[in-house]
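Going by UniProt numbering, the sequence shown opens with residue 1, and the numbers climb by one from there.
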Amino acid sequence: MAKRSATKAAAGADLTRYRSMRDFTKTQEPSGASADTAGNGFVVQKHAATRLHYDLRLELDGVLKSWAVTRGPSLDPADKRLAIRTEDHPLDYARFEGTIPKGQYGGGTVMLWDNGTWEPVPGKDPRKTLEEGHLHFTLHGRRMRGEWIMFRLKPRGREKTENWILRKVQDSFAGGSDDLVGHYLTSVESDRTMAEIAEGQKSTRPEEASAPWPGKKATSPTRSKAADKAKGGTLPPPPFHSVQLATLVDTVPSGNAWVHEMKFDGYRTLIAVGGGEGRAYTRSGLDWTDRFAGIVEDAASLPVRSALIDGEAVVFDDAGRSDFQRLQNALKGSPDTIDYVAFDLLALDGDDLTSLPLLERKGRLEKLVGKGVGRIRYSEHIQGSGERLLTEFCAAGLEGVISKRADSKYIGSRTGGWLKTKCIRRQEFVIVGWTPSDKTRGFRSLLLGVHEDGVLRYAGKVGTGFDGDEIDRLLDLMKPLERKTATIEAPRAAVRGAHWIRPALVAEIAFTEMTDEGTLRHPSYVGLREDKKPEAVVLETERAVEKAASTEPSVKITNRERVIDPEGGVTKGRLADYYAEIAPIMLPWASSRPISLVRCPQGRAKKCFFQKHDAGSFGDKVHHVGVTEKDGHEEPYLYVDNADGLLTCVQMGTIEFHGWGSRIEDVEKADRLVLDLDPDEGLDFDKVRSAAFHVREMLAEIGLETFPMTTGGKGIHVIAPLTPQAEWPMVKDFALRFATALAQAQPDRFTAALSKAKRSGRIFIDYLRNQRGATAVMPYSVRARPGATVASPITWEELHTLDKPSHWTVADASELIERASAKALAGWGRADQVLPDV
Numbered sequence: 001m002a003k004r005s006a007t008k009a010a011a012g013a014d015l016t017r018y019r020s021m022r023d024f025t026k027t028q029e030p031s032g033a034s035a036d037t038a039g040n041g042f043v044v045q046k047h048a049a050t051r052l053h054y055d056l057r058l059e060l061d062g063v064l065k066s067w068a069v070t071r072g073p074s075l076d077p078a079d080k081r082l083a084i085r086t087e088d089h090p091l092d093y094a095r096f097e098g099t100i101p102k103g104q105y106g107g108g109t110v111m112l113w114d115n116g117t118w119e120p121v122p123g124k125d126p127r128k129t130l131e132e133g134h135l136h137f138t139l140h141g142r143r144m145r146g147e148w149i150m151f152r153l154k155p156r157g158r159e160k161t162e163n164w165i166l167r168k169v170q171d172s173f174a175g176g177s178d179d180l181v182g183h184y185l186t187s188v189e190s191d192r193t194m195a196e197i198a199e200g201q202k203s204t205r206p207e208e209a210s211a212p213w214p215g216k217k218a219t220s221p222t223r224s225k226a227a228d229k230a231k232g233g234t235l236p237p238p239p240f241h242s243v244q245l246a247t248l249v250d251t252v253p254s255g256n257a258w259v260h261e262m263k264f265d266g267y268r269t270l271i272a273v274g275g276g277e278g279r280a281y282t283r284s285g286l287d288w289t290d291r292f293a294g295i296v297e298d299a300a301s302l303p304v305r306s307a308l309i310d311g312e313a314v315v316f317d318d319a320g321r322s323d324f325q326r327l328q329n330a331l332k333g334s335p336d337t338i339d340y341v342a343f344d345l346l347a348l349d350g351d352d353l354t355s356l357p358l359l360e361r362k363g364r365l366e367k368l369v370g371k372g373v374g375r376i377r378y379s380e381h382i383q384g385s386g387e388r389l390l391t392e393f394c395a396a397g398l399e400g401v402i403s404k405r406a407d408s409k410y411i412g413s414r415t416g417g418w419l420k421t422k423c424i425r426r427q428e429f430v431i432v433g434w435t436p437s438d439k440t441r442g443f444r445s446l447l448l449g450v451h452e453d454g455v456l457r458y459a460g461k462v463g464t465g466f467d468g469d470e471i472d473r474l475l476d477l478m479k480p481l482e483r484k485t486a487t488i489e490a491p492r493a494a495v496r497g498a499h500w501i502r503p504a505l506v507a508e509i510a511f512t513e514m515t516d517e518g519t520l521r522h523p524s525y526v527g528l529r530e531d532k533k534p535e536a537v538v539l540e541t542e543r544a545v546e547k548a549a550s551t552e553p554s555v556k557i558t559n560r561e562r563v564i565d566p567e568g569g570v571t572k573g574r575l576a577d578y579y580a581e582i583a584p585i586m587l588p589w590a591s592s593r594p595i596s597l598v599r600c601p602q603g604r605a606k607k608c609f610f611q612k613h614d615a616g617s618f619g620d621k622v623h624h625v626g627v628t629e630k631d632g633h634e635e636p637y638l639y640v641d642n643a644d645g646l647l648t649c650v651q652m653g654t655i656e657f658h659g660w661g662s663r664i665e666d667v668e669k670a671d672r673l674v675l676d677l678d679p680d681e682g683l684d685f686d687k688v689r690s691a692a693f694h695v696r697e698m699l700a701e702i703g704l705e706t707f708p709m710t711t712g713g714k715g716i717h718v719i720a721p722l723t724p725q726a727e728w729p730m731v732k733d734f735a736l737r738f739a740t741a742l743a744q745a746q747p748d749r750f751t752a753a754l755s756k757a758k759r760s761g762r763i764f765i766d767y768l769r770n771q772r773g774a775t776a777v778m779p780y781s782v783r784a785r786p787g788a789t790v791a792s793p794i795t796w797e798e799l800h801t802l803d804k805p806s807h808w809t810v811a812d813a814s815e816l817i818e819r820a821s822a823k824a825l826a827g828w829g830r831a832d833q834v835l836p837d838v
């Protein structure tokens, strides 16, 4: 940092106005006594004063030239953000984070939101251009990077403020309107939220290394050299994305439209990296970073700004075959032997790749991983010749083949794009008890169950595949679960002397076939599955490859001309066509979670009703997950996992799809928080819009990133995605306390009371969506309302100008599909966050 001249000190560091506006006996803001050097630092401070804004400060001639950016910086070059020029601030203000007392100028909470260095573009003297009313510069911050421009607006009328515009220049750092202020909710110095700063608390998250002023590039303690060398700096790890699932088929599909990979015997795992840090997620979204620490460490060394990789955590035997039992043993004592086979790339350097063809995604992945990085390996494939590959794999004792359409997108649900063919039949079963051994210790066999039509039924028993240590481990796990009554109905002779347990454990079992009675032949125990919950265990049956691989839904829609919506003239056939078209973007949100259907068999003008249970009347394309009710018995809840499932529901008269806030893999852990802003009849939409932004700000203060969704009705949903960790009682309590606090703070605006009589002129904060068994309308679901309106994800930027929450209808399928692939919505509904402990 160079010393400035005495002349420049006199010209640039006049802080008279700054000091005259503050009483330093009451505020902890710096007085500017230490401002004796000059450099090229910049800082952005998030400031919750009378209104929330972001203060951009550029160091020039010994002071911080300052602007209040009313809506915060945007990475979208089309956005012009108002920036109001304020008084110069002292250099040591760049380190200030805390609370300015109420009654003092700028009273409120101040967060150090970004810092770094800045430089004018070559040939531009910022002292001269500042006076002329424009600045063109490059930022090297921890969040704001690349080229930016500012220009002064001509004053209008008696306007006293000096108004400028801040705009991003199109470059590799450009992005969406909310990519910055919507995603980064904590301090770059203390990692605290606004609420934690206001209350003087320490961060509840792991501390990050702070950057020295002015803006020397800081690295977190875990950041790798490779990540620092990546072009354009770093980004945070991408959030979890629902995984693509494969359908079991009877033979390998033929032709060059398919590529074939080895089916590995391990744990399906998503690896998210960015900024030298990483996360490991199971297929249901559980955070297993600590269990796969070695894999995550190697992945974090990849030379990328950020990436989201799909693959399998495995342990190889001496012959190079993945071995699930060895993986189980490694997790218990030798995690350094676990490798990771990467087979897909969902995101790279801030770009969503899921809409690209598979071969293009794999090409980028191969360039990234090469011949291997530490424990990370690339999954090779061949195009065509799948049957020959399966024969070779089975002869070598491998598990089977995964076949994928070469041109397929990554949908994040079960579609015809990925198929699996096995050499030997294997799948998960629920352990429901054990039969005693005639020896002094151990057991003779495990009793198994599987869900069918949502009910757990007996599937036989397994007595081989265990060693002594595994028998002891299983007994230690089962004994605390023991119960007096039978868990399921079973043949008395087969289960004589059984010890029954609560169905909480899942085992992987190999077998030759299933008998006509529904029990296993020649079963062998492989290992416990800790990544799958008992409720999600259903019997997999092979489908004919021709049907499974079809890209067109196979459900026949009858009575296509029946009018479903009289006002819009929408027929049952048109409704079915909409869901068939929209399925690829709806299924990532609606599949594999318990759903409730709004069925209107004679159209929405006639009788409609909710349905959440079923005993098999929907056929085999709509599935069931057993959910334990309060009295202890199981009920079969509906769920779908492909387009055929959606269309079967439509054929049965369904218009609306509502889903739980959790997935079938673990129905007890929420993966989202939904606050439904439900306005009183006749309340202007502008008030709902304003309320949504207020809710967003309140949740951001406690560290939750949120996304808005139109409901197709009169309200807005504010959705906070969650990594599945908190169980329903905690989520419900949080939502209730938050809604109550809003209503108490602004009783003329909000109410948390369920009674409609108490909603007059106010907005009901419907927190009841966040309890076990409650549902919320799914993204892209049609509503049983006039005009066949649609619930649709939107950005916060779009909400500013949205005309009404019923903007889209079934006629807008093409537009909705195009919107879903746009960059602004690419990360909608996904965030790496947990429920805050407040």
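Quick reminder that beta carbons are idealized off the backbone N, C-alpha and C, glycines included.
Because the structure is a prediction, the values reported are computed rather than measured.
Cutoff 7 Å; reference residue i; Cβ partners in own chain excluding five residues on either side
i      : result
Arg22  : Glu29, Gln104 and Tyr105
Glu97  : Val110, Met111, Leu112, Ser187, Glu189, Ser190 and Ile197
Ile100 : Thr27, Glu29, Gly106, Gly107, Gly108 and Val110
Ser760 : Asp680
Leu348 : Val304, Ala307 and Arg364
Neighbourhood of residue i by C-beta, 8 Å cutoff - its chain only, sequence neighbours within 5 removed
i      : result
Ala342 : Ile271, Ile309, Asp310, Gly311, Leu365, Val369, Ile376, Arg377, Tyr378 and Ser379
Ile817 : Glu581, Ile582, Pro584 and Ile585
Glu797 : Ser74, Asp76, Asp79, Gly176, Ser177, Asp178 and Ala824
Asp287 : Arg279, Ala280, Tyr281, Thr723 and Gln725
Thr129 : Pro120, Leu135 and His136
Simplified DSSP assignment, three categories, for residue i
i      : result
Met478 : helix
Pro90  : strand
Phe511 : strand
Ala670 : coil
Ser379 : coil
Asn115 : strand
Ser690 : helix
Ser322 : strand
Glu452 : strand
Lys823 : helix
Thr193 : coil
Thr282 : strand
Pro436 : strand
Asp577 : helix
Ile702 : coil
Glu546 : helix
Met262 : strand
Ser814 : helix
Trp828 : coil
Nearest-angstrom Cβ-Cβ length linking residue i and residue j, presumed shorter than 8 Å
i      : j      : result
Pro779 : Met709 : 6 Å
Thr795 : Asp178 : 6 Å
Leu419 : Val249 : 5 Å
Ala313 : Tyr281 : With 8 Å as the limit, Ala313 and Tyr281 do not qualify as a contact, their Cβ atoms being about 11 Å apart.
Ser413 : Ser284 : Ser413 to Ser284, Cβ: 13 Å. No contact.
Residues near residue i in its chain [Cβ-Cβ closer than 6 Å; skip 5 each side]
i           : result
residue 846 : A query on residue 846 cannot be resolved here, the shown segment of the chain reaching from 1 to 838 and no further.
Gly829      : Phe707 and Pro721
Tyr578      : Val810 and Ala813
Gly141      : Asp114 and Gly116
Thr654      : Leu597 and Arg599
Asp265      : Ser322, Phe324 and Glu399
The region 247 to 259 / the region 296 to 309 touching (three or more Cβ pairs under 8 Å) = No, the region 247 to 259 does not touch the region 296 to 309.
task = For the region 589 to 673, list the beta strand (DSSP E) runs that are entirely contained and at least 3 residues long, ordered along the chain.
result = Within the region 589 to 673, the complete beta strand (DSSP E) segments of 3 residues or longer fall at 595 to 599, 609 to 611, 623 to 628, 634 to 639 and 654 to 659, listed in chain order.
request  = Note down, one range per segment and in chain order, each beta strand (DSSP E) of at least 3 residues found wholly within the region 735 to 809.
outcome  = Unbroken beta strand (DSSP E) runs of no fewer than 3 residues, entirely contained in the region 735 to 809, are found at 763 to 766, following chain order.
Contact the region 398 to 411 vs the region 461 to 474: 3+ CB pairs below 8 Å = Touching, no, given that fewer than three Cβ pairs across the two stretches are closer than 8 Å.
message = For the pair the region 41 to 60 and the region 154 to 161, tell me if three or more CB-CB distances fall below 8 Å.
response = Between the region 41 to 60 and the region 154 to 161 there are fewer than three C-beta pairs closer than 8 Å, too few to call the two in contact.
query = Using 8 Å as the threshold, is the region 619 to 637 in touch with the region 447 to 455, meaning 3 or more CB pairs across them?
reply = With the cut-off at 8 Å, the region 619 to 637 and the region 447 to 455 touch.
request  = Enumerate, from N- to C-terminal direction, the unbroken beta strand (DSSP E) stretches of 3 or more residues contained entirely within the region 353 to 378.
outcome  = Complete beta strand (DSSP E) runs here, min 3: 376 to 378.
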